[in-house]
Every structure is written in C-alpha cells, then in structure tokens.
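Peer 1: Chains as they are written, first to last, in this note's numbering: chain A, 1083 to 1674; chain D, 42 to 128.
Even for Gly, the Cβ is constructed at its ideal location relative to N, Cα and C.
Encoded as structure tokens, here's the structure I'll be asking about.
Written as structure tokens, this is what we have:
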C-alpha cells in the first residue's frame, strides 16, 4: 500500500512539475504546442494519448477470454495508424490549423459543416473521457482506500493543472512522462510472467514458443486446456467472419478519425515530421500491443493452472495452516493472490455444488459441472505482479501506470473539447473578431469547464454500462461521420459542402440510432444488419455515408476555385498559401 | 503560387497516390486477408508454436504496419527529392 502511494505521489508531482515548466503563452502554444514538437517526442505523446485505461487494464484480460476474437482490438487499434500516416496526418498538418472542425469548416466553406463536426468531436470525446475518469476513480478507491468520488476529484485537479495551464504544450510533455511510466509498468510483469509460463523472457517470443519444460507449444497446450473445460479453442472464435471483419474495420477507421489522435499531428513542424511521428507512435504503441496478447494467453493459462479445482479457503480459516493441510492431503489450495484480489470484488466464487472445490468451466462443460468462478477481465493485468511473485513495489508501479494511461488520454480529449468550444464555436463561428489573448482565456476557461464536466460524467455514469458499451459509440461515430469527409476532402477536390453535410449527418444519425437500438433499446442479435454487431456497424455505415456524400456532391455545384486550390496546396508540402476570406488572416505561415 | 510553378505538382501527386495504393494493398493483405479472410487456410502452417493466421491477427500484422509507415516515410522523402518538393 505504501509503495502504491509512493509511486502515485511521485508521478503526480512529476506531472505537475512539467505543467509549470510548460506553460502556454499563446493560442499557438495552447492548441498545437507551437507546431514545434519533435516527431519522436510527439510519437511517444501520441502513444500515451491513444492508450487509455482500457488498453492498459482491460485489453489483455479481454483477449484472455476472447482468444482469437480479441484480435479485432489488436489489428483495429494499430492498423488505424497506417491509415493516419498515409491518408490523413501529413495533409492535415500541411493544412496547418488547430482542430478537426477547423479543417471541416474551411475545406467545406461552411459554418454549418463546422458546427456538425464540433458536435461529432464533442460527442466522441465526452463518451470516451467518462470512462477515463471512472478508471481513475476505480484505481484510487481500489488501491489507496480513497472514496471513488474523491479519487475522481484528485484526478481532475491533476489534469486541470497541466491541461488548463499548459494546454497542448503541457499535455504533450506530461504524456511523454506518462508513456514511460505506463510502458515500464506493463512490460516488467509481462517479462516475469513469460519466464514462468514459457521460460522465455521476451513475451512476444514466449507467445509462439513451447510451454516451459514441455515439448508442446504454449498455444497448443492452452487450446487443449480450455477445450477440456468446455470453452472454445483459444485460437478460434464464435463470431462470424464478416462481423470480425467489420469490427476490425470500425476500430481501424475510427482510430484514424478520432479527433484527439488527429490533433496530435498538428503539433509537429511539417508534413514529413507528421509521417515520422505516426511511425514512432505506432512503434511505441506496438510495444504494448504485441505484449498484450502474450499477457492474455499467459494469464489464462496461469488462471486455470492455479485456480481451477483448487480447494477454497474461507476468510474465517487461517490461510497458512489450511493451505498446508490441503497440500498434505495432495490437494491444491486457492492461491494467495486470489484471496488478496477477492476483496476488490473482481473475482467471485460461488460454490454451487457445495464441495468446497473451485470448478472453472466453460459453456460446454464436459463433466456437467457448472462454472463456479467468475473473474473480471481487469484482474489479469492488476494481479500479474503478484501471480509472478514480484515484490510489492511492482504493484504500486502498475497502479501508477494505469493512472498514467487514464490521465494522459483524458488530457488529450480535454484539448479536443476545449479547442472545439473556444476556437471553433467562439472564435470561428460566434465572435469572429475575438483577439488571440481573449481566445486563450476562453480556451483555458473551456478546458476548466470540460475537466469539471468530465469528472461529473465519471461520477454519475456509474449507472450506465462501462467503457466497453460507449467505446462502440466513439469509434463507430468517428469512422462513419468524420473519416469519410476528411479523407474525401483531401483526395477528391470535387467533394463539396453539400456532400460533406449529407455524409456527416447520415454517419452520425445512422450509427447513433443503430447502437442505441441494440445496446439500450432491446434489439436482439438476430435483427443485426448483415449480422454485424453494434461495435462493427460504423464500418458499414462509413461506406454508405461516403457513397451518399459522393453522389450528393456530383449532383450539386463544384466547390469554389479557392477551395480547390487549397486542396492542391495541402497535397504538396511547402506550397501552402492563404485562400479566400476565411483563410486570409488565419493561414499558417509556410514551413521554413 | 510562385513556388509551385517549378514543381510538377501533378506528377508528384500521382506518384504519391500510387505509393499509397500499394501500401494499402499490403496493409489489407496482412490484416484483413491473412488475419481474417484466409486465416483458416493459413492456420495449417505455423510460426514457432502459433498457427500462422492467428499469429498474423495477433502479432504479425502489427509488425508489418510499423514497417509500412517507415517505408512510406523513406519513399516519400525520395519522391520529394525527385520532384524538388520541400517535405
């Protein structure tokens, strides 16, 4: 407990120190960190921005339960960076402004289009941020004995410090620190787990190697072990191929369309730097994302090894004496880590047949015994250090890592929310003659307001389903409403205002309606369109919305010459010139 | 527009689009094709102790994605030199 407090306090002090050092002096600093972040540094910041509490805590556990089915997250949340690098990031950097709605508003010469983009950006960001704040609250309440609400408030104060003071500049450098904390906390226990299960210290190699001391591959052994208990083979899934395809697609294209990821690429000095930055971001992400499937498989194997058919020891019994007695009888006592984590409610044992033995079984249980053990998927990353018998301080590190993952993502989202309000709604739509100083004040105010709103959302969304439910929203909406019009805005000069508005509105409304109907409106899987679950529907509607946008653009007038010239400029680095009224005072200086 | 006059912007853009399409073909091949559509076929082969299709879905595609982006950086820098564009 003391180690946890030590790591959390030290890392928080570090973040505040960085915030004071990196204060923002202008809107340029505040929105885009002055456009002069080094590509590798930005890559690292992007990785922290991107990897949320869900990536850090839940993903490995999710893969442990889903096996092959978990691949959608691995491919989806990394493949999106290829799309970003080759289709969006360098061109948006060359466009050179502050926000995603900025691009939409200028490229489609329409205030209405800008406002819809603001709505999309706000909606996506708020659904996402609620989960982060909740993660912070859970970490505090679970490990430091602080009440859930107070935990969220502490998190809010920290984010407030660096996001409101430092803007994008403060956020960038704290995210770099947060990346280092979270990747260290993730890989250290993984290496030890890999040693225990496979005898190989590198998890990515252990994953494809043999089980420790045996002549059978780890995955093959795992397949046998899980099918013997009535689960599906680890390397298979029961989802239809098209559904897997669609979910992967929605996550990939959604990643590329997420505003808090895109704005990170506005902070580097040039298109070239934006490309490299995307590459570095994916390197830093891949370190965690190629470790996660290994952790998932090891954790599943270890869980079955140590927990299944173990004799339960109640809290009233003396653990050491009872365990020794069970072992003397040739039995297997419930492991100590299980007893520790049982208190958090993340593990449940219900002795249905009253034999005192913990039977862990799948839906096709071969011996007819009902499953009695229900682990929460977050348990695997949290309990790994103890399972691997690492010293207590490693647990403290994992908690600090989880908080770093949640806070860094929350900060990136806050920047999207505050800039959408201060820049796109106030400066570019409502009060066009606002000066830079006032805008900076409004931006700080908006960031402060967003912190409070996010915290409240975190506190009061406990009644709603957890992150997994709303993540479908964020990615589906980003894929169906934002990705097509940004992509077409760069690659098709003829795309116009009417087409963009139709495409965005269709993507927004259709995806929203589909997800609400199936997640909250009582829709059943047999009603799925083409058998696609709500998580994947954004991918299907993305194509429809793009097609509708193209057809609409073709039957309406071509965009003004100025806009077409702008598109030609952003395609060729170093040739960006101001175009038209809206661009006149706002065009960025060409890169030096 | 002064700078653009001595740049073959059309040629540069056409080359960029060609490069982008070929990279996206590989991107599709390692993830959607190898990891999903033809997984069952690839699973009869193995890399180490992992079925190949499964490995592509959980590991291989990610390595290739990283390589693709850095190749893109390198190839674009070459294109920019060729066309005299200042990246």
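Flag residue 100(D) as yes if its beta-carbon sits less than 9 Å from any beta-carbon of chain A, otherwise no.
Peer 2: Taking the first residue of the second chain as 1, we reach residue 100(D) at position 59. Residue 100(D) counts as touching chain A.
Peer 1: Just verifying my parser: in three-state terms, what is the DSSP assignment at residue 1429(A)?
Peer 2: Here residue 1429(A) corresponds to residue number 347 of the first chain, with the count starting at 1. Residue 1429(A): strand per DSSP, three-state reduction.
Peer 1: Quick check: is the beta carbon of residue 1256(A) nearer than 9 Å to any beta carbon in chain D?
Peer 2: The residue labelled residue 1256(A) in the question sits at position 174 within the first chain. It does not: the Cβ of residue 1256(A) has no partner Cβ on chain D nearer than 9 Å.
Peer 1: With 9 Å set as the bound, which would you pick, yes or no: does the beta-carbon of residue 1578(A) sit closer than that to a beta-carbon of chain D?
Peer 2: Position 496 of the first chain, counting from 1, holds the residue named residue 1578(A). Not one chain D Cβ lies under 9 Å of residue 1578(A).
Peer 1: Counting only beta-carbon separations shorter than 9 Å, does residue 1648(A) have a partner in chain D?
Peer 2: Here residue 1648(A) is taken as the residue at index 566 of the first chain, counted from 1. Taking Cβ atoms only, chain D never reaches closer than 9 Å to residue 1648(A), which makes this a no.
Peer 1: Chain A partners of residue 90(D), CB-CB under 7 Å?
Peer 2: Stepping through the second chain from its first residue, residue 90(D) is reached at position 49. Going along chain A in sequence order, the residues near residue 90(D) (Cβ under 7 Å) are 1290, 1291, 1292, 1299, 1300, 1301 and 1302.
Peer 1: Is there a Cβ from chain D that is less than 9 Å from the Cβ of residue 1686(A)?
Peer 2: The requested residue 1686(A) is not part of the displayed model; chain A covers only 1083 to 1674.
Peer 1: Would you decide whether residue 1682(A) is buried or exposed? Buried here means 16 or more other CB atoms lie within 10 Å of its CB.
Peer 2: Past the edges of chain A, shown from 1083 to 1674, lies residue 1682(A), and the structure says nothing about it.
Peer 1: By a C-beta neighbour count over all protein chains shown, 10 Å radius and 16 as the cutoff for buried, is residue 1298(A) buried or exposed?
Peer 2: As a working mapping, residue 1298(A) is identified with position 216 in the first chain. Exposed is the call here.
Peer 1: Note down the Cα distance separating residue 1101(A) from residue 1494(A), rounded to an integer number of angstroms.
Peer 2: Reading the first chain from its first residue, position 19 is the one you call residue 1101(A). Reading the first chain from its first residue, position 412 is the one you call residue 1494(A). Whole-angstrom Cα-Cα distance: 14 Å.
Peer 1: Is DSSP giving residue 1676(A) helix, strand or coil here?
Peer 2: There is simply no residue 1676(A) to check, as chain A begins at 1083 and stops at 1674 in what is shown.
Peer 1: With three or more C-beta pairs closer than 8 Å as the rule, is the region 1584-1601 of chain A touching the region 1620-1632 of chain A?
Peer 2: Because the criterion of three Cβ pairs below 8 Å is met, the region 1620-1632 of chain A and the region 1584-1601 of chain A touch.
Peer 1: Any C-beta of chain D sitting closer than 9 Å to the C-beta of residue 1261(A)?
Peer 2: On the first chain, position 179 is the one that residue 1261(A) refers to. Closer than 9 Å: no.
Peer 1: Quick one: give me the first and last residue of the beta strand (DSSP E) that residue 1457(A) is part of.
Peer 2: One-based indexing of the first chain puts residue 1457(A) at position 375. Here the beta strand (DSSP E) through residue 1457(A) covers 1455-1457.
Peer 1: Is it the case that the Cβ atoms of residue 1162(A) and residue 1428(A) are separated by a distance below 9 Å?
Peer 2: In the first chain, residue 1162(A) corresponds to position 80, counting from 1. In the first chain, residue 1428(A) corresponds to position 346, counting from 1. No, the Cβ-Cβ distance between residue 1162(A) and residue 1428(A) is not below 9 Å.
Peer 1: Under a CB-based cut-off of 9 Å, is residue 57(D) close to chain A?
Peer 2: Counting from 1 along the second chain, the entry for residue 57(D) is found at position 16. Yes, residue 57(D) lies at the interface with chain A (some Cβ there is under 9 Å from its Cβ).
Peer 1: Which residue wins for smallest C-alpha separation from residue 126(D), given the options 1451(A), 1353(A), 1661(A) and 1241(A)?
Peer 2: To locate residue 126(D), count along the second chain from 1; it is residue 85. Closest option to residue 126(D), Cα to Cα, is 1353(A).
Peer 1: Quick one: is residue 123(D) buried, meaning 16 or more other Cβ sit within 10 Å of its Cβ, or exposed?
Peer 2: Translated into positions along the second chain, residue 123(D) becomes position 82. Exposed, because fewer than 16 other Cβ atoms sit within 10 Å of the Cβ of residue 123(D).
Peer 1: Looking only at DSSP bridge pairs, what is residue 1299(A) linked to?
Peer 2: Against the first chain, residue 1299(A) aligns to sequence position 217. DSSP, once it has assigned bridges, lists 1292(A) as partnering residue 1299(A).
Peer 1: Identify the contact partners of residue 52(D) in chain A, using a Cβ-Cβ distance below 9 Å as the criterion.
Peer 2: What you label residue 52(D) is simply residue 11 of the second chain in a count that begins at 1. Per Cβ cutoff of 9 Å: no residues; residue 52(D) is ~10 Å from chain A at best.
Peer 1: Measure the alpha-carbon distance for residue 1414(A) versus residue 1396(A) and round it to whole angstroms.
Peer 2: Translated into positions along the first chain, residue 1414(A) becomes position 332. Translated into positions along the first chain, residue 1396(A) becomes position 314. Looking at the two C-alpha atoms, the distance is approximately 14 Å.
Peer 1: Does the beta-carbon of residue 59(D) have 16 or more other beta-carbons within 10 angstroms, so that it is buried, or is it exposed?
Peer 2: Counted from its first residue, the second chain places residue 59(D) at position 18. Exposed.
Peer 1: Could you give the DSSP three-state label for residue 1393(A): helix, strand or coil?
Peer 2: Numbered from 1 along the first chain, position 311 holds the residue referred to as residue 1393(A). Residue 1393(A): strand per DSSP, three-state reduction.
Peer 1: Is it buried or exposed, residue 1367(A), if we count other Cβ atoms within 10 angstroms and call 16 or more buried?
Peer 2: Translated into the one-based positions of the first chain, residue 1367(A) becomes position 285. So residue 1367(A) counts as buried.
Peer 1: Below 8 Å on C-beta distance, what does residue 1160(A) contact in chain D?
Peer 2: Residue mapping note: residue 1160(A) aligns to position 78 of the first chain, counting from 1. Here the neighbours are 102, 103 and 106.
Peer 1: Where are the alpha helix (DSSP H) runs, 4 residues long or more, that stay fully inside the region 1571-1648 of chain A, in chain order?
Peer 2: With a minimum length of 4 residues, the continuous alpha helix (DSSP H) runs that stay inside the region 1571-1648 of chain A are 1579-1601 and 1619-1637.
Peer 1: Can you confirm whether residue 83(D), when its beta carbon is compared against all beta carbons of chain A, has any partner nearer than 9 Å?
Peer 2: The sequence position of residue 83(D) within the second chain is 42, counting from 1. Not one chain A Cβ lies under 9 Å of residue 83(D).
Peer 1: Are any of the Cβ atoms in chain A nearer than 9 Å to that of residue 66(D)?
Peer 2: Position 25 of the second chain, counted from the first residue, corresponds to residue 66(D). No, residue 66(D) lies away from the interface with chain A (no Cβ there is under 9 Å from its Cβ).
Peer 1: Is residue 1542(A) buried or exposed, if buried means 16 or more other CB atoms sit within 10 Å of its CB?
Peer 2: Position 460 of the first chain, counted from the first residue, corresponds to residue 1542(A). When all chains shown are included, residue 1542(A) counts as exposed.
Peer 1: Report the neighbours of residue 1147(A) on chain D: residues whose CB is nearer than 9 Å to its CB, in chain order.
Peer 2: In the first chain, the residue the question calls residue 1147(A) occupies position 65. Within 9 Å Cβ-Cβ: nothing; residue 1147(A) doesn't reach chain D, min ~14 Å.
Peer 1: Are at least three pairs of beta-carbons, each pair with one atom in the region 1279-1288 of chain A and one in the region 65-81 of chain D, less than 8 Å apart?
Peer 2: Verdict: no, contact absent.
Peer 1: Taking the beta carbon of residue 1214(A) as the centre, do at least 16 other beta carbons fall within 10 Å, making it buried, or is it exposed?
Peer 2: Residue 1214(A) sits at position 132 when you count from the first residue of the first chain. Its Cβ being crowded by 16 or more others within 10 Å, residue 1214(A) is buried.
Peer 1: Leaving aside the five residues before and after residue 1251(A) along the sequence, list all residues of the same chain whose C-beta is less than 8 Å from its C-beta, in chain order.
Peer 2: Here residue 1251(A) refers to the residue found at position 169 when the first chain is read from its first residue. If we look at residue 1251(A) and ignore the five residues flanking it on each side, its Cβ neighbours are 1104, 1105, 1106, 1111, 1112, 1115 and 1116.
Peer 1: Just to make sure I have the definition right: I need the residues of chain D whose C-beta is within less than 9 Å of the C-beta of residue 1133(A). Which are they?
Peer 2: For this step, residue 1133(A) is matched to residue 51 along the first chain. Near residue 1133(A) there are no residues of chain D at all, since even the closest Cβ is about 14 Å away, more than 9 Å.
Peer 1: For residue 1482(A), which of 1261(A), 1141(A) and 1532(A) has the nearest alpha-carbon?
Peer 2: If you number the first chain from 1, residue 1482(A) lands on position 400. Taking only the C-alpha atoms, the option nearest residue 1482(A) is 1261(A).
Peer 1: So does the region 1337-1351 of chain A actually touch the region 1170-1181 of chain A, counting three or more Cβ pairs closer than 8 Å?
Peer 2: Contact between the region 1337-1351 of chain A and the region 1170-1181 of chain A is present, because at least three Cβ pairs lie under 8 Å.
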